[in-house]
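Residue numbers (the working numbering), protein chains in the order written: chain A, 755 to 1086; chain B, 188 to 617; chain C, 6 to 175; chain D, 108 to 267.
Built from N, CA and C at the ideal position, the CB exists for glycine as well.
Computed from a predicted model, the values in this text were never measured in an experiment.
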């Protein structure tokens, strides 16, 4: 466990602040990108270029009447939306945004990430159950099943990265990619991780948890006001977080491609700014990927999701892990 | 818990008797072949109400599904949420007055409905129709077919989860709306056909717009094919879903693309040609699989065929009058009405009494609307109002098929199957 | 009245008159369509014959007509299509106002189910042996039959309730 | 409701009212009660040419709990009226209602036994749109009228 310094607090504060903002920015980005994909204009009346749209949305949601189903589990109904938000915020603690720019370096950071990230789905499941609505219940059940099925390939994909580094610290993983990004060394793992991350964040084509056309709103059918707003924002936070994880584990974290070979020594300030920009740029790209996929691809069916998880991704990820381990063993 | 307890747990606040009977009928479905074990908690059934207000039920269809997990064990459809009694209205209107109501039957392809009513009235009253009007009607009908199929495509893919697709197809629909605007003066509910012809001639501007659309649209269709034909998720969602075998399709009375997707090439345009359909060349796309994917291919190919038909119609479009020149059978032209006394009187008479088919005459005439066989049965009592006007609506028959193919599918499939069958509730509910 | 029947329809009519000589009341044509009026009690047997022997495998529609006469007020019309020979024929049966009852043909064509429900809903003609005879368009609580001629176009005030305008009422 | 009662009387001023109304007006999420033909024009209203997204209204919420403006599009039958009223009751305050088209406004051409002659028989309607069906421009106009209406509302208690 690394020492908690002032930098840690600064990084943590900035990261949390940015994450909260990034959710709003992602909402705006999603609307604009969707409008672009669909030959539309998108929001442009509120503020310059419609930039204040997310603020108007959130403000309106806060001021809306809050409805709690009388026959539901009222306590769980209230705390359920908090869970995804909190878990999303917790993940930033171990992600390195630059050389030395991280809140804390837990020596089992990977385990921490996996543990916290998977907690978010409990909010969805609880919301589905506490709402006392059949649509919500179906959504919650789907979420639970999906969570169980995609944790494993996700874990195996991360494990296949860990064997390269030999450490469970996220900072070490980021450092190890200075020359070679793991996407080049372990492409299968990267693809599995991306698919599983899509499933974990409940985005199309895995958004059958909310599946507007089948389940009306899925788990959040009965949620109104800011409770719905929390789910709404948490979804985008998870998109951002999952993009960050993709970048951290497979796409070289804050490093430029093969940076170790050609990047000269820079002053700490310049290096810090460069690192953070590179990281943010990569994250933005994956956020865009999330949005792009959402607005183009149809949704899976429940049994197809299960089939994909259990009979495709899981075996492939295990085989990938064993093969990589064997290669590394014989090379070493 | 016994299955019969479903009904006791239903607490309805409106139309109590209706709800009770609906759930009773759900329970009664297939009860002869299924037996439930008393006292086994796992036999507790969840009954899911989809609709009448639901994003994917194409309006106000209500499905009552009895679920086992995500699988549908039994289902019952409840329709009539849009029933306003057009047949009753028709008995109180003249034939021409009833025209706007047909627009609002199948509101995705108003032109076909206008033509269906007109041809039926022309058949019973023996009104001749000039050739040019027939070609204009054909162009209108085929444009309506493309427009309807575009909306089907958009909503079906949207029900499967790809929302943008809907918007893309809507972009093309807007072009058809513009053409309709130029032909008929209204973008949506056109009411362009008249008994004995059409309301007004097709202008050069409109012809140009149609030609332009005919040039650009195949490219768009190609894009749709590119996006969907090799899309693994779309394939998996549709292949083998909602299978309707040929025998079942005939037994359940499926019609239109739903029947043709099940392997029976019944197309009224070929079987009982009306207008000038025997003068143009086109194929009747048919598939054997009977699943949702087959219906998708059938409709996509129908759009290609429609383009072919429109092109031939434009090439063949003869010169001449657009409405029959007999003031007892059709409205006189507006020129005549404005500048001659007889024309004025005739216009007045047509509006007041309308066309009077012979007393006791009966006739049935069907057209191939985008959804299937759309037939009008008219019985006349010798006055300007029909004694009985029955609309054989394709959506109604297809919805009955839907009730039979949903059993055993999954909840996620329902929306796609509804999309594939493509009912329009305004038409089904009459 | 002379009939101009096509070959297929002639075969149909001949076959019917041969097998059911006393059940066929009238065969007539109007505006090019052929109508065969039959005895009400023979509807299932004639339909079965038409389907099995004459290939009328496709039932296009069933609908009712209110003739508004004192005797045999309601008429039920079956719209049949022979897909092999491409011919359309209409069967007609009549029933009395007091207890309008017709045998259901759901055993012959499954699709008759909804069509008969529609006739029941609109005219109050009941179908014997129908598996699921409920109203289809109107709610079950509605007591009238809207397409009967005596039913006013605007309906009977108060016959269907409107929702209350206070949430507590529901 | 919510915040207002929590902060108490006299604390909030019209300034806050403006902000509140600004947010509500610009994030009016429609609840598309698509019944009949008008529903198709309502889709066009969200489509590429007319693009309701410009006004911040493209988030069609099918769950009544999250919607602000109910657009009743199409004729409303007696059988359907109960469902519509139920959904209206499920929508949380503040909420607005648009009766789209002649049928929803007055029954329109469907003057017959099945159709309620105007949804205002059981719903408080804020904006009526004429036309059968109205063009999407008219729906945008109604939306803007609703926005104007929201902007003049006083949801916060004034100092007295």
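Nearest-angstrom Cα separation, counted from residue j out to residue i
{"i": "residue 88 of chain C", "j": "residue 964 of chain A", "result": "45 Å"}
{"i": "residue 68 of chain C", "j": "residue 161 of chain C", "result": "24 Å"}
{"i": "residue 253 of chain B", "j": "residue 958 of chain A", "result": "27 Å"}
{"i": "residue 493 of chain B", "j": "residue 213 of chain B", "result": "41 Å"}
{"i": "residue 59 of chain C", "j": "residue 91 of chain C", "result": "11 Å"}
{"i": "residue 132 of chain D", "j": "residue 399 of chain B", "result": "41 Å"}
{"i": "residue 235 of chain D", "j": "residue 141 of chain D", "result": "15 Å"}
{"i": "residue 523 of chain B", "j": "residue 534 of chain B", "result": "9 Å"}
{"i": "residue 167 of chain D", "j": "residue 137 of chain D", "result": "5 Å"}
{"i": "residue 30 of chain C", "j": "residue 76 of chain C", "result": "16 Å"}
{"i": "residue 221 of chain B", "j": "residue 603 of chain B", "result": "Its pLDDT being 44, under 50, residue 221 of chain B is placed unreliably by the model, and nothing is read from it."}
{"i": "residue 104 of chain C", "j": "residue 66 of chain C", "result": "23 Å"}
{"i": "residue 348 of chain B", "j": "residue 226 of chain D", "result": "32 Å"}
{"i": "residue 218 of chain B", "j": "residue 600 of chain B", "result": "At residue 218 of chain B, the pLDDT of 46 sits below 50, so the modelled position is not reliable; the number obtained from the coordinates is stated separately. Taking the straight line joining both Cα atoms gives about 24 Å."}
{"i": "residue 414 of chain B", "j": "residue 933 of chain A", "result": "38 Å"}
{"i": "residue 590 of chain B", "j": "residue 938 of chain A", "result": "52 Å"}
{"i": "residue 203 of chain B", "j": "residue 902 of chain A", "result": "42 Å"}
{"i": "residue 1013 of chain A", "j": "residue 796 of chain A", "result": "38 Å"}
{"i": "residue 922 of chain A", "j": "residue 190 of chain D", "result": "56 Å"}
{"i": "residue 312 of chain B", "j": "residue 544 of chain B", "result": "5 Å"}
{"i": "residue 395 of chain B", "j": "residue 86 of chain C", "result": "41 Å"}
Residue i in three-state terms, based on DSSP
{"i": "residue 855 of chain A", "result": "strand"}
{"i": "residue 790 of chain A", "result": "helix"}
{"i": "residue 521 of chain B", "result": "helix"}
{"i": "residue 258 of chain B", "result": "strand"}
{"i": "residue 136 of chain D", "result": "coil"}
{"i": "residue 189 of chain B", "result": "Reliability of the predicted coordinates at residue 189 of chain B is poor, the pLDDT of 45 falling under 50, and the value obtained from them is presented with this limitation in mind. If DSSP states are grouped into helix, strand and coil, residue 189 of chain B belongs with coil."}
{"i": "residue 613 of chain B", "result": "helix"}
{"i": "residue 438 of chain B", "result": "helix"}
{"i": "residue 108 of chain D", "result": "Here the model assigns residue 108 of chain D a pLDDT of 49, short of 50, so the residue's position is not dependable, and the following value carries that caveat. If DSSP states are grouped into helix, strand and coil, residue 108 of chain D belongs with coil."}
{"i": "residue 177 of chain D", "result": "strand"}
{"i": "residue 606 of chain B", "result": "helix"}
{"i": "residue 241 of chain B", "result": "coil"}
{"i": "residue 376 of chain B", "result": "coil"}
Interface partners of residue i on chain D, CB under 9 Å
{"i": "residue 610 of chain B", "result": "Result: empty, since nearest Cβ-Cβ is about 13 Å, beyond 9 Å."}
{"i": "residue 167 of chain C", "result": "185, 188, 189, 192, 223, 228 and 229"}
Neighbouring residues, chain C, relative to residue i (Cβ below 8 Å)
{"i": "residue 219 of chain D", "result": "158, 159 and 160"}
{"i": "residue 458 of chain B", "result": "91"}
Check: residue i C-beta below 7 Å from any heavy atom of the ligand NAD
{"i": "residue 84 of chain C", "result": "The ligand NAD is absent from the structure shown, which contains no ligands of any kind."}
The alpha helix (DSSP H) enclosing residue i, as first and last residue numbers
{"i": "residue 901 of chain A", "result": "888-919"}
{"i": "residue 270 of chain B", "result": "Careful: residue 270 of chain B lies outside any alpha helix (DSSP H) and carries neither H nor E."}
{"i": "residue 813 of chain A", "result": "807-816"}
Proximal chain C residues relative to residue i, where beta-carbon distance stays under 9 Å
{"i": "residue 587 of chain B", "result": "115, 116, 118, 119 and 120"}
{"i": "residue 205 of chain B", "result": "139, 140, 143, 144, 145, 146 and 147"}
Limits of the beta strand (DSSP E) - the one that residue i falls within
{"i": "residue 185 of chain D", "result": "It is not in any beta strand (DSSP E) - residue 185 of chain D instead sits in the alpha helix (DSSP H) that spans 185-197."}
{"i": "residue 339 of chain B", "result": "Per DSSP, residue 339 of chain B belongs to no beta strand (DSSP E); it is in the alpha helix (DSSP H), 318-346."}
{"i": "residue 203 of chain D", "result": "203-207"}
{"i": "residue 39 of chain C", "result": "38-43"}
Within chain B, the residues that residue i reaches when beta carbons sit closer than 7 Å
{"i": "residue 968 of chain A", "result": "243, 598, 599 and 602"}
{"i": "residue 169 of chain D", "result": "242"}
Interface residues of chain B facing residue i [CB-CB closer than 8 Å]
{"i": "residue 48 of chain C", "result": "Residues of chain B passing the Cβ test: none, with the nearest at roughly 18 Å."}
Contacts that residue i makes with chain A (C-beta to C-beta distance below 8 Å)
{"i": "residue 155 of chain D", "result": "792, 793 and 794"}
Residue-level contact to chain G via CB, residue i, 8 Å cutoff
{"i": "residue 195 of chain D", "result": "Of the protein chains in this structure, namely A, B, C and D, none is chain G."}
Partners in chain D for residue i, counting only beta-carbon separations shorter than 7 Å
{"i": "residue 961 of chain A", "result": "Simply none; closest approach about 14 Å."}
Beta-carbon neighbours of residue i, restricted to chain A and to distances below 9 Å
{"i": "residue 179 of chain D", "result": "By Cβ distance, chain A contributes nothing, its closest Cβ being about 18 Å from residue 179 of chain D, past 9 Å."}
Within chain B, partners of residue i - CB distance below 9 Å
{"i": "residue 26 of chain C", "result": "Near residue 26 of chain C there are no residues of chain B at all, since even the closest Cβ is about 25 Å away, more than 9 Å."}
Would you be able to state if there are at least three C-beta pairs under 8 Å between the region 1014-1031 of chain A and the region 978-997 of chain A? With the cut-off at 8 Å, the region 978-997 of chain A and the region 1014-1031 of chain A do not touch.
I want to know whether the region 436-454 of chain B touches the region 582-600 of chain B - three or more CB-CB distances under 8 Å. Counting C-beta pairs closer than 8 Å gives three or more between the region 436-454 of chain B and the region 582-600 of chain B, which meets the contact rule.
Are the region 534-551 of chain B and the region 494-508 of chain B touching, with three or more C-beta to C-beta distances below 8 Å? Fewer than three Cβ pairs drawn from the region 534-551 of chain B and the region 494-508 of chain B lie within less than 8 Å of each other, which leaves the two stretches out of contact.
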